[in-house]
Amino acid sequence: MIASVRGRVAARRPEGVVVECGGVGYALAVSSETLRHVPAAGEETLLHTHLIMRDDAIALFGFASEDERALFLLLVGVQGVGPKVALAVLSGGSPRDLLRAIAAGDAARFQAVPGIGKRTAERIIVELREKVEGAAAAGVEPDVGATTDDEPRSIARQGLVGLGFSVGEADELLEKTAGETPEDLIAGALRAAR
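In our numbering, the protein residues as written are 138 to 331.
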C-alpha cells in the first residue's frame with residue numbers, strides 16, 4: 138500500500154496532479170479541495186494516498202489531509218459510491234463541512250454532486266451519520282481516523298470494497314479470517330476469496 142507521496146509537483150491539472158518522487162512520476166486523482174492545497178509545478182508537496190486496484194485499472198488517489206482520506210474511505214464504503222463520486226463529494230467542501238452535513242442529514246448537499254441522486258444521498262446520510270453525528274453536533278471535528286477495537290476490520294472492509302468487492306462480500310470474507318491489522322485481514326480475506 139502506498140500511504141503517502143512526497144516530491145516535486147510535475148503537473149497540476151483539474152483532474153489530478155503528477156508528483157515526481159525518486160525519479161518516478163505518480164499520477165494522483167484529487168478532489169478540487171485537495172487541488173487548492175497543492176502548490177505550483179516545481180514546488181514540493183506531500184499528499185496522503187489511497188491505492189485502488191481493479192482488474193482493469195490501478196488508481197492512486199491523493200488527499201491534502203488524513204481526515205480527507207479517512208472520509209474518502211468512509212464514502213467508498215457506501216453502496217453506490219465509487220471513487221470518482223467520492224472525489225466529487227470531497228470537492229464540495231472541507232471534510233469538517235461535509236461531516237457536519239452528514240450529521241445534520243443534509244441530503245440536498247450531496248444531491249448537488251454530479252452522479253448522486255436522492256437515494257444515494259440518503260444512503261450516505263444513513264450509513265455514515267452514526268459515525269460522525271455526536272462530534273459534529275458538538276462543533277468538534279469528528280476524528281474519522283480514531284482507533285477503536287473494530288477499526289482494523291472497518292479499514293479492511295473499506296479496502297476490500299476499494300478492490301471491487303461488494304460490502305456484503307467484504308463482510309462475508311472478513312468473517313472467515315482473523316488478524317490484528319487491516320493488512321492481515323485483507324490478505325486473509327483475499328486468500329479466502331480464491
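Using N, Cα and C, we set each Cβ at its ideal position, and we do this for glycine too.
Query	Result
Excluding the five sequence neighbours on either side, which residues of its own chain have a C-beta within less than 6 angstroms of the C-beta of D287, listed in chain order?	The pLDDT assigned to D287 is 49, lower than 50, so where the model puts this residue is not dependable; a value taken from the coordinates is nonetheless given after this. Around D287: no qualifying Cβ.
Taking only three categories from DSSP, how would you classify G153?	strand
Does the count of Cβ pairs from the region 146 to 157 and the region 205 to 221 closer than 8 angstroms reach three?	no
Express the C-alpha separation of P220 and A245 in angstroms, rounding to a whole number.	20 angstroms
Could you please give me the residues that DSSP links to S141 through a beta bridge?	H185
Decide if G301 is buried, meaning its Cβ has at least 16 other Cβ atoms within 10 Å, or exposed.	exposed
For L210 and R328, I'd like the C-alpha separation in whole angstroms.	22 angstroms
For A238, count the other beta carbons within 10 Å of its own beta carbon; 16 or more makes it buried, fewer makes it exposed. Which is it?	buried
What is the residue span of the beta strand (DSSP E) that L300 lies within?	Run containing L300: none; DSSP gives neither H nor E here.
Per DSSP, what kind of secondary structure is G162 in: helix, strand or coil?	strand
What are the start and end residues of the beta strand (DSSP E) that includes I332?	There is no way to answer for residue 332, as the model of the chain reaches only from 138 to 331.
Per DSSP, what kind of secondary structure is A272 in: helix, strand or coil?	With a pLDDT of 41 at A272, under the threshold of 50, the predicted position of this residue should be treated as unreliable, though the coordinate-derived value follows. If DSSP states are grouped into helix, strand and coil, A272 belongs with the helices.
Anyone know if the C-beta pair for V175 and V142 falls short of 8 angstroms?	no
Pull the bridge partners of G199 from the DSSP assignment, please.	T186
Can you tell me the Cα-Cα spacing of V263 and V226, whole angstroms?	16 angstroms
Excluding the 5 residues flanking R290 on each side, which residues of the same chain have their C-beta closer than 7 angstroms to its C-beta?	L311, L322
For F198, which residues of its own chain have a beta-carbon under 6 angstroms away from its beta-carbon, when the five flanking residues on both sides are left out?	A166, H187
Measure the C-alpha to C-alpha separation of I189 and A324 and round it to an integer number of angstroms.	15 angstroms
Taking the alpha-carbon of E259 as reference, which of I195, R294, G217 has the nearest alpha-carbon?	G217
Excluding the 5 residues flanking E181 on each side, which residues of the same chain have their C-beta closer than 8 angstroms to its C-beta?	R143, G144, R145, V146
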